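Take a look at the structure below.
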Amino acid sequence: MDGMNHSVVSEFVFLGLTNSWDIQLLLFVFSSMFYMASMMGNSLTVLTVAFDPHLHSPMYFLLANLSFIDLDFSSVICPKMIYDLVRKHKVISFRGCIIQIFFIHIIGGVEMVLLIAMAFDRYVAICKPLHYLTIMNPRMCISFLVAAWMIGLTHSVVQLAFVVNLPFCGPNVLDSFYCDLPRLIKLACTDTYPLELMVTANSGFMSVGFFSILIISYIIIILTVQKHSSTGFSKALSTLSAHITVVVLFFGPLIFFYTWPSPTHVDKFLAFFDAVLTPFLNPFIYTLRNQEMKAAMKRVCRWLVGHWKIS
Numbered sequence: 001m002d003g004m005n006h007s008v009v010s011e012f013v014f015l016g017l018t019n020s021w022d023i024q025l026l027l028f029v030f031s032s033m034f035y036m037a038s039m040m041g042n043s044l045t046v047l048t049v050a051f052d053p054h055l056h057s058p059m060y061f062l063l064a065n066l067s068f069i070d071l072d073f074s075s076v077i078c079p080k081m082i083y084d085l086v087r088k089h090k091v092i093s094f095r096g097c098i099i100q101i102f103f104i105h106i107i108g109g110v111e112m113v114l115l116i117a118m119a120f121d122r123y124v125a126i127c128k129p130l131h132y133l134t135i136m137n138p139r140m141c142i143s144f145l146v147a148a149w150m151i152g153l154t155h156s157v158v159q160l161a162f163v164v165n166l167p168f169c170g171p172n173v174l175d176s177f178y179c180d181l182p183r184l185i186k187l188a189c190t191d192t193y194p195l196e197l198m199v200t201a202n203s204g205f206m207s208v209g210f211f212s213i214l215i216i217s218y219i220i221i222i223l224t225v226q227k228h229s230s231t232g233f234s235k236a237l238s239t240l241s242a243h244i245t246v247v248v249l250f251f252g253p254l255i256f257f258y259t260w261p262s263p264t265h266v267d268k269f270l271a272f273f274d275a276v277l278t279p280f281l282n283p284f285i286y287t288l289r290n291q292e293m294k295a296a297m298k299r300v301c302r303w304l305v306g307h308w309k310i311s
């Protein structure tokens, strides 16, 4: 990316989460624990689905990919954030800032499509159970995955194409703990209002649009089940509650980031929650009521422990 930005600014300074050193140390311990737990939980989910033949189904295939994306998202933001919590001077290079934004938006786009795919999977499983394996065949699952990565890549590249050549010649302080477009654009030494509108239209429209589609799809599923089976309603509601929880946790902060007129202090809290807690909660939300997944995880854990002892 050398040569993309002919400007004075070569690095950006983060203000971080707080000015209090004691709170920073507390957040360092808290973030480190949840980051490690998130990595372990999501890694275990991916390994369980990959190695347990009982879980080789469309639902678990999509769940494993969601856990893989959560691993990626945590690794893009958390290590740098945790490292900066014990430093007084928090900086990131221009190249590092652009790379961080690039991967954040790819991962965000992929996760949106995966959540749509998981909602469609639950719709077919609950409303059309006799045709489930026919509709959710391996080709359909791979198509969802390819579409997710293509949309994520296009979404990220389109926005960055307008950002990398912006002139940054003055302020270089970001009131955040990671790089993202809304705050970065405001530091450019030019009129950025059209670009801010583009980012709001792109990321904001995607967030609100995909969230609306998901909520509508869940309402349709619930109404369909309620209409045809009173006994199956509670079971369907129990199954969908985990999906709805994950959707709200993921889209809530995004909608606030990209549709709110200007950054506020609430952004930091929501960004911290989104980066640290959401990837940690996702594997627990999906496995808490899933007896099959919990049993498979126990089998994989026993296998890993036995393999470790032998080696």
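According to UniProt numbering, the sequence shown holds residues 1 to 311 in order. For each residue, glycine too, the CB sits at the ideal point set by N, CA and C. All values reported here derive from a predicted model rather than from experimental measurement.
For residue i versus residue j, is the C-beta spacing smaller than 9 angstroms?
i, j, result
"Q159", "I101", "yes"
"Y258", "G204", "yes"
"L133", "M293", "no"
"F73", "G108", "yes"
"L270", "A119", "no"
"P58", "M150", "no"
"A296", "V49", "yes"
"S31", "M81", "yes"
"Y218", "V247", "yes"
"V9", "F94", "yes"
Thinking C-alpha only, which one of the options is nearest residue i?
i, options, result
"I104", "L181, I255 and F51", "L181"
"residue 396", "L62, M36 and A271", "No statement about residue 396 is possible, as the shown extent of the chain runs from 1 to 311 and does not include it."
"D274", "D52, C78, V46 and E11", "C78"
"M206", "F256, L223, M136 and K80", "F256"
"S38", "P283, A125, V305 and N19", "P283"
"V76", "Y218, F177 and R122", "F177"
"P138", "K128, Y60 and F210", "Y60"
"T224", "P253, C127 and T190", "C127"
"Y123", "W260, V276 and H243", "H243"
"W260", "A201, N42 and V157", "A201"
"I106", "F94, L153 and I99", "L153"
"I99", "V276, H131 and E11", "E11"
"L187", "Y193, M198, F168 and C179", "F168"
"F250", "Y83, I116 and M33", "I116"
"D267", "P53, C179, T45 and Y83", "C179"
"V252", "I216, S212 and N290", "It should be pointed out that residue 252 corresponds to Gly in this sequence rather than to Val. Comparing Cα-Cα distances from G252 to each of I216, S212 and N290, the minimum goes to S212."
"D191", "L166, V208 and R183", "L166"
"Y83", "D22, V29 and R183", "V29"
"D22", "P53, R87, L47 and V46", "R87"
Would you mind reading off the limits of the alpha helix (DSSP H) that contains residue i?
i, result
"S31", "W21 to F51"
"F102", "F94 to C127"
"V9", "Per DSSP, V9 belongs to no alpha helix (DSSP H) and is neither H nor E."
"M136", "Per DSSP, M136 belongs to no alpha helix (DSSP H) and is neither H nor E."
"S67", "P58 to D84"
"P167", "Segment: none, P167 is in no alpha helix (DSSP H) and carries neither H nor E."
"L187", "Segment: none, L187 is in no alpha helix (DSSP H) and carries neither H nor E."
How far does the beta strand (DSSP E) with residue i in it extend, from its first residue to its last?
i, result
"F273", "F273 -> no beta strand (DSSP E), and no H or E assigned at all."
"S203", "Segment: none, S203 is in no beta strand (DSSP E) and carries neither H nor E."
Leaving out five residues before and five after residue i in sequence, what residues of the same chain have Cβ atoms less than 6 angstroms from its Cβ?
i, result
"L195", "F162 and I185"
"L15", "D175"
"I221", "Y123 and I126"
"M4", "With a pLDDT of 47 at M4, under the threshold of 50, the predicted position of this residue should be treated as unreliable, though the coordinate-derived value follows. If we look at M4 and ignore the five residues flanking it on each side, its Cβ neighbours are V164."
"N42", "S67, D70, L71 and P283"
"F210", "M112"
"F280", "F34, A37 and S38"
"T278", "L249"
"L254", "S207"
"V276", "S31 and F34"
"V46", "A64, S67 and F68"
Give every residue of the same chain whose Cβ lies closer than 8 angstroms to the Cβ of residue i, excluding the five residues on either side of it in the sequence, and list them in chain order.
i, result
"V13", "H89, K90, V91, N172, V173 and L174"
"F51", "V300 and W303"
"H155", "H105, I106, G108, G109, N202, S203 and M206"
"G170", "V8, V9, L187 and C189"
"H131", "V124"
"L44", "P283, M297, V300 and C301"
In chain order, what residues of the same chain have a beta carbon less than 7 angstroms from the beta carbon of residue i, not counting five sequence neighbours either side?
i, result
"L114", "L62, N65, L66, I69 and A148"
"L27", "L17 and L85"
"V157", "none"
"F272", "L17"
"D121", "P58, M59, L62 and M136"
"Q291", "none"
What do you reckon, is the C-beta of residue i under 8 angstroms from a heavy atom of the ligand COA?
i, result
"Q24", "In terms of ligand content, the structure shown is empty, and the ligand COA therefore cannot be addressed."
- Mind the definition here: the segment 235-246 touches the segment 134-149 only if three or more C-beta pairs lie below 8 angstroms; say whether that holds. Contact between the segment 235-246 and the segment 134-149 is not established, with fewer than three Cβ pairs separated by less than 8 angstroms.
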